Each structure stands twice: as C-alpha cells, then as structure tokens.
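Protein chains in written order, with the working numbering: chain C, 4 to 406; chain W, 4 to 406; chain U, 4 to 406; chain X, 102 to 187; chain H, 102 to 187; chain V, 102 to 187.
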Amino acid sequence: MSIIEKLYHMTAIQDIVNGPGTLLMLVIGGVLLYLGIKKKYEPLLLIPIAFGLILANLPGGGMSVVPSEFIELDGHRYKNLFEIANDHGIMNFLYYSLIKTGFLPPIIFMGVGALTDFGPMLRNLRLAFFGAAAQIGIFAVLLSSIALGFTPAEAASLGIIGGADGPTAIYTTIMLAPHLLGPIAIAAYSYMALVPVIVPLVTRLLCSEKELKINMKEMDKLYPSKNKIKNLKAVKIAFPIVLGIVVSIFVPSSVPLLGMLFFGNLIKEVGVTVARLSDAATGSIMNTATIFLGLTVGATMTSEVFLNSRTIMIIVGGFIAFAISIAGGIAAVKVYNLLARKKINPLIGATGLSAVPMASRVANEIALKYDSKNHVLQYCMASNISGVIGSAVAAGVLISFLG
Amino acid sequence: MSIIEKLYHMTAIQDIVNGPGTLLMLVIGGVLLYLGIKKKYEPLLLIPIAFGLILANLPGGGMSVVPSEFIELDGHRYKNLFEIANDHGIMNFLYYSLIKTGFLPPIIFMGVGALTDFGPMLRNLRLAFFGAAAQIGIFAVLLSSIALGFTPAEAASLGIIGGADGPTAIYTTIMLAPHLLGPIAIAAYSYMALVPVIVPLVTRLLCSEKELKINMKEMDKLYPSKNKIKNLKAVKIAFPIVLGIVVSIFVPSSVPLLGMLFFGNLIKEVGVTVARLSDAATGSIMNTATIFLGLTVGATMTSEVFLNSRTIMIIVGGFIAFAISIAGGIAAVKVYNLLARKKINPLIGATGLSAVPMASRVANEIALKYDSKNHVLQYCMASNISGVIGSAVAAGVLISFLG
Amino acid sequence: MSIIEKLYHMTAIQDIVNGPGTLLMLVIGGVLLYLGIKKKYEPLLLIPIAFGLILANLPGGGMSVVPSEFIELDGHRYKNLFEIANDHGIMNFLYYSLIKTGFLPPIIFMGVGALTDFGPMLRNLRLAFFGAAAQIGIFAVLLSSIALGFTPAEAASLGIIGGADGPTAIYTTIMLAPHLLGPIAIAAYSYMALVPVIVPLVTRLLCSEKELKINMKEMDKLYPSKNKIKNLKAVKIAFPIVLGIVVSIFVPSSVPLLGMLFFGNLIKEVGVTVARLSDAATGSIMNTATIFLGLTVGATMTSEVFLNSRTIMIIVGGFIAFAISIAGGIAAVKVYNLLARKKINPLIGATGLSAVPMASRVANEIALKYDSKNHVLQYCMASNISGVIGSAVAAGVLISFLG
Amino acid sequence: MSDLGFALQLMGIGMITVFIILSLVVLLGNLIIRFVNQYLPEEVSRKVEQVANQTSDFNRKKVAAIVSAVKTVTGGKGHVTKIEKL
Amino acid sequence: MSDLGFALQLMGIGMITVFIILSLVVLLGNLIIRFVNQYLPEEVSRKVEQVANQTSDFNRKKVAAIVSAVKTVTGGKGHVTKIEKL
Amino acid sequence: MSDLGFALQLMGIGMITVFIILSLVVLLGNLIIRFVNQYLPEEVSRKVEQVANQTSDFNRKKVAAIVSAVKTVTGGKGHVTKIEKL
Ligand code: NA
Ligand code: NA
Ligand code: NA
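Rendered as structure tokens:
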C-alpha cells in the first residue's frame, strides 16, 4: 500500500463518502451553533451540545456515544468505566460515568436551587397552584405519543419536554428512554429559548385584553392577604427542609432532583456561614456539569440515532407539549376567576409552565404592553417557580411507573 | 388495582408506617440542621450531613448508602461504579467512588494544608511537643472501647474522634470501620464545634489561676530563643517537603493524609507562581469535596445503622476522648514546668488537641480573662497545628496495625 | 515480637535500606522541586510532578502508580476503579481514572483553547505554515530512537517531546507507551522551561545577524496584505468551528486533543453569554486537572521505572527533538526567503516549535537585541500557535499508525 | 390493559399527584409562615430586610473585596474617603 | 518491512499531513476572512474593537465588582467621584 | 494475645510514634532554620517580611482587582487619588 493510500485511510474522507448523513448532521450542528451564538438561544447548553454533536459525527474521532449494548456483558454485568474509556474513548467515559448514571441533572439542580429565590412564591403562595395546571401538556403529549406508536417510556420522555425544565427533561429521558436523549434535550432547550415567541402566541390566542389587564397589585389592595411574613429568612430556611421531606415521602422517585434542588436552596438561604458551599454549587460545580452535560448529550446524536422520523415527531411533540402546558395554566386561572372574587391575571397561569425566569419576564412584558403600570413579574415568578416543582413531581411519577 | 392504590404504593407512606425509626431519624436530622444553621456548629459539614441523613431516611428515594455487601460479587470482586449507580442510585455512586475509596479526606487535607500557616509553629517549635501528649485521648478511649466490647478496629475509629480533626477521623473510620462512619463523623464535628465549651471546662478543672496567668511573651523575653528565623519564606517552603519525606518514612500509612497536607502547604508557600493551584485546592476542589463528603456521610445513617446503643457509646466515647486529649496536653505542660525554668502556660497543652484554629482562639480568650494583657494565641497555634500532625500520625499507626 | 520490632516494621526504614534507589529518587525529586520553585521552570506542573514522585518513592505509603499488569484480569478485562482504589490506593484510583483513560490532557487542552487568542495568527495567516516545518524534530528523533532500539511506539512518544507541548506529549505517551510517561512528561516540561536557553542557542548557530534584523513590520508596509479583517469577532468564532471540522476529517485521532482545544477557544470567543463556561474551563477545571495530572504523572516514577538507561536516552533525545524542531522551522524560513520577495525573520520559524507563549517572548527579545525597534512578538505568535496545531496533528498521525 | 388506557390512568395519577404536592406547598408554606410569625417573629419590616439581605449578599463578596483591597494597598492605614450620592 | 523503513514512511506521512493541515488552516482562515468581510462586515476598526473587547472582559468581572461594591457600601447612594489620570 | 493487651501495646506504639514524629518536627524544623540562616539568609526583618507577605497575598487577588478595575473603568487613564488614614 502506498503512502498516499495509507494517508487516505487515516482520514475520515471515505466514511463521509459512504454516509452522507454526516454532512447533514454537520449542517444541523451549524444551525444549533448559529442559534446558540447569534440568536442567544440558551447558549450555555446549545453551544456545547452543538459542538459535541459535530465532534460525534466526524467518523474516526471516537467522540460519539455508543449504544448501551456496546457496554453490556454477559450475566447482567457491564464494562467498567476504565474499560469503557479504553474501548470507546473519553466521550463515552464521560457519558457513562456522568450522564447514564443520572448524576449530572441532580447536580445541576443543586445549582439551580442555590440560584432560586422562593421569596416571590412565599409571598404569593396561592399562585403556586397554577404551576400544577401547567403540567397538563406533559401528560397530553404522553397520551398522543402512545397513540402515534411510541412506547410509554418514550412517550413520557417526549411529554416531559412540556415541563419546560432542562435538567428534569434530561433526567427523565436518561431513566426512561436514553436513546432519545439528544433530540429531547435539544427540543427542551430550544423551546425554552423560544418562550418569548410561544408564550405570547398562546396567550393572545386564549386571553382577552380585559383579562390581560387584571392588575394583581390592586387586587392585593382590595383583598389583602392575612399572612404577612414577619421573618422571611426563617421561613426561607424552613421551607426547603419541610418541602424536601414532604416531597420525598409522596414522590420518592423525584428525590434525586427535588432533594438536590432543596439542598441547594437551603445552603443559599443559610447564607454567609456556608457561602463556600453555595458558591461552589452555583459556580465551579454547575459550570463544569454544564460543559460535560452539553458535550455528552450532543455526542449521543450520531446520524443513525438522530436522522429518523421520531426526531421530527419529538420536535413537533415538544412544541405541542409546551403550548398545551401554557394553555393549561391559563385555563386554570380562568376557572379560578369564575369562582373567586379576587381575580388573577391569566399570565400567571401561563408562567406555571416554568422556564424560569424567562417566562415571567415575557409575561411581564405582555402585561405592560396592555397597561404600562401593570407589573406582574413578582406574581408570575410565584407560579413560575412552582412549575419547576410541578414538573419534577410529574417526572417522579413517570419514572416511578415506567422506569 | 385502583388509581388511588397505585398512587399510594408510589408514595413512601407505607414505609413510614412500617418503620417508625424513620420519623426519629428525621427528628435527628432536624436537630443537626438546627445545630448547624442556628447554633453555627461547623455548618459547612453539619448541614450537608443533616440533609444527606434526611434524604437517606426517606424510603423509596434511593438516596441511602447501602452496606458494602450489596456491592460485593463472587471471587473477591465488586460491582463497578456504573453498576453501582444503576443498581443503587447516585448517592451510592458518590459514596463508593469518593468516600469508600478513601479519596475525599486526603483531598480535603490538601486544602487544609493550603490554608495552614506553619509560621507560628516554626517560631515556637518547642511547643510542637505538646501536640503529641494531646493524642492520649485517642488511645485511652481505644482501650476502654475494647473493654466495652467494640472490636479493635471499631474502637480505634471511636478513639480517633479524640484527634479533633474531621478528615483524619473520617479517613480512619473509612479504613477501619466504615459502618460507623455516620455517628463518628457527627461526633467529631459536633465536638469540634463544642470546643468553646469543652476546653474551658477541662482547663478550669485542671489548672490553677496562677498557671493560666503564665505570660509567654515575658518568658520569651526572659529566656530568648537562639534561632531567629532570617528567611521565613525559605524555611516555610523547605518545611513541608522535609516533613513530608520524614513522616512518609516513619508512618507510611499516614501518607495519604499528611502527604496531601504537606503538598497543599507547599503550593501555598511557593506563592504566586502556583497560585492557580492553591486557589483550586482551597476553593473549588475543597468546597466540592465538602459538599459531597457531607451529603454522603449523612446518607450512610439509615435508621437501621444509626439507631442502636453503639451510637450512644460513640457519642459518649467521643466526648471522653476529647476531654482526655485536652487533659493529656495540660498534664504534659505541667510535667514540663516542673523541670524547666522557662514556664509554659498550660493552655498551650490544651490546644495540642488540634481543632484548628478554634481551640487556640478559645484558649486565648481564657488567658485574656485572667490577664487582659496575656495574648497566647500565637503560642497556642504552635501546639494546635502540631496536633493535626499528631493525630494524623496516630491514625497512621492505627490503620497500619488494624487495617 | 517486641514493641520496638513492631514499630520498626511499621516504618519504611527497612525498604530504604534494601533499595538505595529510593534515596536517589528523593534527590531527583528535590532537584525537580528546586527547578520548579527556585528556577520557576513550569512550576505549575513540575512542583506537583516532583511531589508526586517523592510520595511515590517512599515505600509503604501506597502512593506509587502500579504497572497496568496489576489491574489486568483474565479475558481482556480489568479491575474496576473501585477495586483499583481498594487494592492500590487513591493515587492509582486517580491515575487509572484520569490519566490512563486519556481524560486529563484533552481537558487541559480545552482550557488551553479558552486561553488562546488566534487573533495574531489570523492577522498573519501565511506564517502559520512555519508551524508545520517545526514538527520535523518529532519525526527525526522517532527515526533515530528506533535505530537505538526503542520500539516504534516508544520512539514516537520520545519524539513527540519535540512538539514542545505538554498535554500533547502526555496524551501521545499515554496512548503509545504509558510506561515512559514520567520521564517524557518531565523532559517535555523541562525543555519548555528551558526554551529561553535552547531557542537562542539554536538561533545563533543557524542565523546571521542580517537575517535576525529582518523587520516584519516594514515588510508588511512594503508588501501589504490584501485581506484586512473587517469583523474580527465573527472570524474568530467561525475559525475554531471550521478548523475543528476539517481537522476531524483529516486526522480523526487528533480529535480528542484538537476538538477540545477548538471547543475551548469557541466558548472563549463567543464571549459574555457563555463566560460561565470559559471561566470554568480556564479556572476550576484546568487547575484541578493540573494538580491531579502533575501528582499522578509524578507518581508513575518509581525507582524501578525511572532509574535505567532509557530515561537518560529520553532526556537526551528530548533535547535533540527540541533543537531539530527549532532548526526545522528556521530552515523553512530560509528556503522561503530564497523564493519570496517579502522576507521573513527566521525567528518566526524558530517559534513554530510551539511552547506558547514563551518561545515568542524569547524570540522577540532576541530580535530586540539586534535591533531595538524590531518587535516581532505578534508575528512569532502566529507560527507559535500554529505549532500547537501542528504537533497535535503529528500526534494524531502517530497514534493512528502505532496505537 | 391497553397502552392508551394505561396512559390515561397515568395522566390521572400524575395530575392528581402534582396537584396534591403543590397544595402541600401552599399549605405547608402557610403553616411555616404562621409558625415562624408566632414563634420566631423578629419583627423586621420586609423591605428593610430585603435590602439588608441584598446588601449582605453583596457584602460577602464585593464589599469585603473592595474594603480589604483599599486597606491592603495602604497597609491598613487607608480608607475610601469620598463616596458621594448618585 | 523494517522498523526503520516504517519510521521513514511515518515521517513522510506525518510531515505531509502536518503541512496539509496547516495549509488548510491558511486556506480556510483566508476563506473565512473573505466570507465574513463580504457577508458580515460590521465595519469595526480593529483597534477600537480590541479595546472594547478587553474592556468588556474586565468589565464583566472587575468593574462590576468595584462599582457594585461601592454601590452596596453606600446602600446604592454612592459612587466613585474622583478617578484621575495617571 | 487478648484484645486488651493488644490495645495497650498499640497505645504504647502509638504514643511513642507520635512523640518521635513530633520530636522530629522540632528537630528538623530547627535544622532547617539553621541551614537556611546559614546558607540562604537574605536578612529580612521578620516583621517587614510578614507584612509584605500578607500584602502580597492580598495583592494577588484583591489589590489587583481593585487597581485593574479602576484602570478599566477609566480606560487606563484613572487611578485612585484619595486614600486616607483611618
Ligand atoms: Na414545569
Ligand atoms: Na489532633
Ligand atoms: Na509544536
């Protein structure tokens, strides 16, 4: 064999010639990079995902995640991490140690917890209800996806996109349908980035101008709440502890997610004595986790896995799940307003979806467009944050029944 | 089965009904949180330990550390980390990769080293002796625990609480009696937090006012030391290197702890050229290690493991070990004072215990109470820091003979 | 057996008596520490390597990396990481999870990428060529080492020292000849530290004063380049993406290194929206990786592995590789100058070696010595950075044919 | 049971659970507030507290940094003298 | 084939590959520059851009720190008044 | 041997070892000091050195931060002019 031949065989050119899917995947990677970099769609995740996708699809680099059959051995045993690294390279080492073990999403949730302020929710506890109604999209899409031929576990992973919460969607998919991890993660993060488009769309479709002009502050003046919080710090410290316990009892399978969320929140609220810990949770730990989560999730998307009709269905289904969740939240407010004197702005239902805090900001802008004095941000944050809990609980139920 | 039944089985309510131990454990978790948050008892560790304990005791969450028999296979083999994560969840993944391997305590010791200033000890080297006498509590309690029916390995883990050094106690227990990790870690950190109570208690019992008024600075004037340090930086750089080598030769089994301590100290003293490394050692690495150490140590304490008479004995034994160690240090000073003209304040013996730097601060306050001009802090720090080396050496001996 | 005997057997004194190699290794460790601390030779790596070496050579401490046969099992299987930690301690746990898997060098390359500015190279793209010529040392030494009796894989690891790039040298050696990791890493980092000596040496031997006085800025004025960059930010973002793809296609086995380098660079250039990620890549991740890389590489160097003639040959061969690489770069410039009107200062060839950015600084100083107005730094950086790509590509070729 | 029937049941269980949990959030939140108001009031006007909170959050990292920086620059002898209203 | 012959061949393949890749670096770099110049010019003088870049890099971490620190010290009412030329 | 006898022996070995090691700490510490005093004196009064040390520790992180922050705010043209005694 001549030098030139050897040289040629070292390259991946032949692989590209053989499989034109690679080129298509590179285009998709380019589009995702464009969305992340230029359009600023959740760049912290889309850029690593896109780069991981590109690396994974360049044949010969050994940077693509292999299906789990490759690491299965006889007798219900698996290759160990050292063997995985040896046989399949560092990307699989990362994937099978950090992702497939379900490790990173709870770790990121710890950071999310340490960044979350439950204050707005505690000041408007009633509104937390609407984070429940806005989970309907998850189950509605689960239902339709099964009808379309997905397995229940796959359908649940698809539906959870409607939870509008990245780590929750990824964790659920790891547990139920890891082969769909790539497209589901991309759909989840893309639609979260598209909240400024989706929320106004659905809201305008379903709400009258009069409803959108409901002024929460004036309602508060008309019907003041009984419980003024006298010691916010104490309440904020007790809240994650009590909630952590109660959620663990009722939906044990949501503990890895919500337990870590509440732990992160607790160390934030305790404050300066454990600032080293909350700094680590929101800083080095969360950033490192984000890099490796993104790269490895991207690396699962080889052309064989990604280029099929299911991916299209996930993209479409995810959008529907988002829309139904928003609609569910709005509908719940409308029902409530029928019964109660103290009216609620339906935008607070729309933000029950979660996608914190962008949904709240978008909702606030919509409200201001109709009435430049109607600031609803703090109220939206209440249902917005409760939507995080809501979708993690929904995830727990799904994992518990289908996992 | 009806929906309600299914729903009920998803929850952990039945488990709680079955085992009331769970509720007791939650109360203990609450007490530890109270101590950490409100009383500020070593909050950096007690809060994660308490939260880990709570998560571990909520049945169904899969957040409790399983006994090592669960990961043993035939033929002296063990499940690999990927299988552990799959079978037992992320908390066991963390425990069996970071704790049971003995990894985190040395890592934390690296950070401790990078935060430790050997300057006060180098300026008063003689006082380092008293860090030896203050290890007597370790062995005294080892002796009595064996008499009370503990195995030697368990007794050693119990005794090491008297070393008053968290990572050392945890490392020794991992090596000798991992099933006692939870209560021993809690006892160690609690008593370290209680140093402001224990040290004055023992000191007042054993020392006369005259002794506590011994003024070290005046003694230094009366009997000045011969060796003035002309180039502190050079001495501080050479010290951890030489000590690292010598300790490794004499007590090889203490190398994982002391080797990392001296390495951390070296990169601190080298200064600005390797500031990136010492920043990492004391920052992201140490904080991350602290979070995961706390959570997983807490997660070992299920009700079955924790709720028995041994735990009570550990709590009591740990207190005795602390008290005897302090008394040992004081006694050594008294003996010394009988023989030498240059008298030493017995508080310097009391701080030989370690519990850096709180013991020194407490001792300083005691001294100031008796004579408002008698600042002993720098002198206490000498024996205080040498106590860290002393207990790590003692741990090495114990591991070497019982491991 | 008396207490004294037991005490003696606990120590490592007998081991030292048995093997005087230990003492020699301690001296070598001391010398490396001296070079790192006092001479400031790449202290970020030499200090951890030296300390790891010292810890590894103190018998009984269990801190030395065991040969890979110790972790091999029957049937092409290996001990898992938990078993490695149990059987061989934390240093082997670190080595076999982070180093032998090839994990840390790409991780460090991600940080290097996030610290690298391709700007100077993009502004003087032509000069990137000379980063190719300066790889000749790698292959020249490969050739001679085979002649001297090294296996091809060993010879390639030796030659790659001439790439003057730490992570590349380490990664290649892990893949091809892990038993030589210690001396090759030390040689690579030592010679990079000695660039201020080696570059002037070779340059003065090969270049006339007239050549060294060639003023690049004046050449630019005489023959201005056509392509002014109108939107540097866009170019800098597109560059790592396009290069990442193209390199992956042509030299797939260099993807773990160059893919991560370009990813790190991309997140740097995208800027503030993903600053969390680039901060992590250059901060906590890279610093942590450096500590553990250094310690474990040092810990591979037990006296049995290090004290033999091959180590001497590696030290000598590495120096030759460096010198030939520099000479190759200079020669390429000379050939170019024969053909082109727009002359190039041969220092720009010398910096093709890489060893960024020290080589460029040294070259700049040489130029200024001959003409105090001849600032060549920016031009040198162009070939300097392209030398990083060049040696990673060379490494890819070697791994592809010999791995 | 058909997959679809199962999915319907799952929808029921899921939405019920979510509603139960978020009801508990509301309920327990209110209980905590009442409990704290009764036993740990430390009557602090919410607004002041909030500002203080924020301040202390900043303080921890940034004020400490600037103050100690100025101190260090001047060997412990200096302090910022002019900080005027915006 | 002898090891030495193989090594020679490897040298050939290696150096050719390195030259090809760095040629591609030059080529693609120039193509990107041309493409960007044509389609995304955003005519920004390079120097200004650079300074701005640098500033914003610092800004992000340090200016923010100092400014907010001063703000916080003074409860949002203070600012640095005297910053003079070096 | 009984466990208790063994424990007593362990106590002996342990305390002897601890005393030996801490004696070595004292001994080697003094030797290092003497060695350094003789061969690397760099006569620096301890107090000055200490302050310098401290300063440089702060410097690295905080002074650098404040100084560069001020510089950046002002585009490299500003510096802190008034830092007065406490
Ligand atoms: Na949600
Ligand atoms: Na101690
Ligand atoms: Na190079």
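The beta-carbon is built from N, C-alpha and C at its ideal position, and this holds for glycine as well. As the structure is a computational prediction, the values presented were derived from the model and not from experiment.
- Excluding sequence positions up to five before and after PRO203 of chain U, its CB lies within less than 8 Å of the CB of VAL365, ILE369, all in the same chain and listed in chain order.
- Taken from the Cβ of ALA167 of chain U, at least one heavy atom of ligand 3 lies inside 6 Å.
- Judged by the Cβ position, SER403 of chain W fails to qualify as a neighbour of ligand 1 at the 6 Å threshold, every heavy atom of the ligand being at least this far.
- Straight-line spacing of the CA atoms in ASN230 of chain W and PRO62 of chain U works out to 34 Å.
- In this structure GLY55 of chain C is not in contact with ALA278 of chain C, their Cβ atoms being roughly 33 Å apart against a cut-off of 8 Å.
- GLY393 of chain C has its Cβ nearer than 6 Å to a heavy atom of ligand 1.
- If you look at THR276 of chain W, you'll find it isn't in any alpha helix (DSSP H); DSSP assigns it neither H nor E.
- For the region 69-83 of chain W, the set of positions with a beta-carbon nearer than 8 Å to some beta-carbon of chain U reads ILE74, ARG80, TYR81, LYS82, ASN83 in chain order.
- Residues of the region 86-106 of chain U that bring their beta carbon within less than 8 Å of a beta carbon in chain C comprise ILE87, TYR99, SER100, LYS103, THR104, GLY105, PHE106, in sequence order.
- Placement of the Cβ of GLY390 of chain W at a distance of less than 6 Å from at least one heavy atom of ligand 2 is found.
- Taking a Cβ-Cβ cut-off of 8 Å, GLN139 of chain X has no neighbours in chain W, whose nearest Cβ is about 17 Å from it.
- In the structure shown, GLU75 of chain U falls within a strand segment according to DSSP collapsed to helix, strand and coil.
- Contact check for GLY130 of chain H and PHE242 of chain U: beta-carbon distance about 7 Å, within the 8 Å limit, so the pair qualifies.
- Nearest neighbour of SER312 of chain U by Cα position, chosen from U:SER389, U:PRO186, U:MET178, U:MET94, turns out to be U:PRO186.
- Residue C:GLU221 holds the alpha-carbon nearest to the alpha-carbon of LYS376 of chain C among C:GLU221, C:GLU45, C:LEU47, C:LEU146.
- Here the C-alpha atom of TYR174 of chain U lies approximately 45 Å from the C-alpha atom of VAL400 of chain C.
- Interface annotation, GLY106 of chain X: not in contact with chain C, CB-CB separation never under 7 Å.
- Per the DSSP secondary-structure output, TYR81 of chain W pairs in a beta bridge with W:GLU75.
- Considering only beta carbons, the part of the region 292-303 of chain W lying closer than 8 Å to chain C consists of THR293, ILE294, LEU298, in chain order.
- Per DSSP, PRO142 of chain H is not a residue of any alpha helix (DSSP H), being assigned neither H nor E.
- Between GLY32 of chain U and PRO255 of chain W, the C-beta spacing is not below 7 Å.
- Straight-line spacing of the CA atoms in LEU101 of chain U and LEU296 of chain U works out to 8 Å.
- Under the DSSP assignment, ARG313 of chain W falls in the alpha helix (DSSP H) whose first and last residues are 312-342.
- Interface annotation, ARG279 of chain U: in contact with chain C, CB-CB separation under 7 Å.
- Under the 10 Å beta carbon count, SER211 of chain W is surrounded by fewer than 16 other beta carbons and is classified as exposed.
- Chain-ordered listing is empty here: chain X has no CB closer than 8 Å to the CB of PRO170 of chain C, the nearest sitting near 18 Å.
- For GLY393 of chain C, the chain X residues whose Cβ falls inside 7 Å of its Cβ are VAL119, LEU123, in order along the chain.
- With a cut-off of 6 Å, the C-beta of SER357 of chain W is classified as near ligand 2, since at least one heavy atom of the ligand falls inside that distance.
- The Cβ of ILE50 of chain U sits closer than 7 Å to at least one Cβ of chain W.
- Within the same chain, and ignoring the five residues on either side of THR171 of chain W in sequence, the residues whose Cβ sits closer than 7 Å to its Cβ are ILE163, LEU260, SER394, ALA395, ALA398.
- For the region 91-142 of chain U, the continuous alpha helix (DSSP H) assignments of 4+ residues that do not extend past its boundaries occur at 107-118, 122-126, 133-136, in sequence order.
- At a cut-off of 7 Å, the C-beta of VAL336 of chain U has no neighbouring C-beta in chain H.
- The count of Cβ pairs closer than 8 Å, one atom from the region 97-114 of chain C and one from the region 78-91 of chain W, reaches three, so the stretches are in contact.
- Linking TYR192 of chain W to ARG207 of chain W through their CA atoms gives a straight-line distance of about 23 Å.
- In this model, ALA143 of chain U and ALA324 of chain U are separated by some 7 Å (Cα to Cα).
- Contact of ILE114 of chain H with chain C is assigned, a C-beta pair being separated by under 7 Å.
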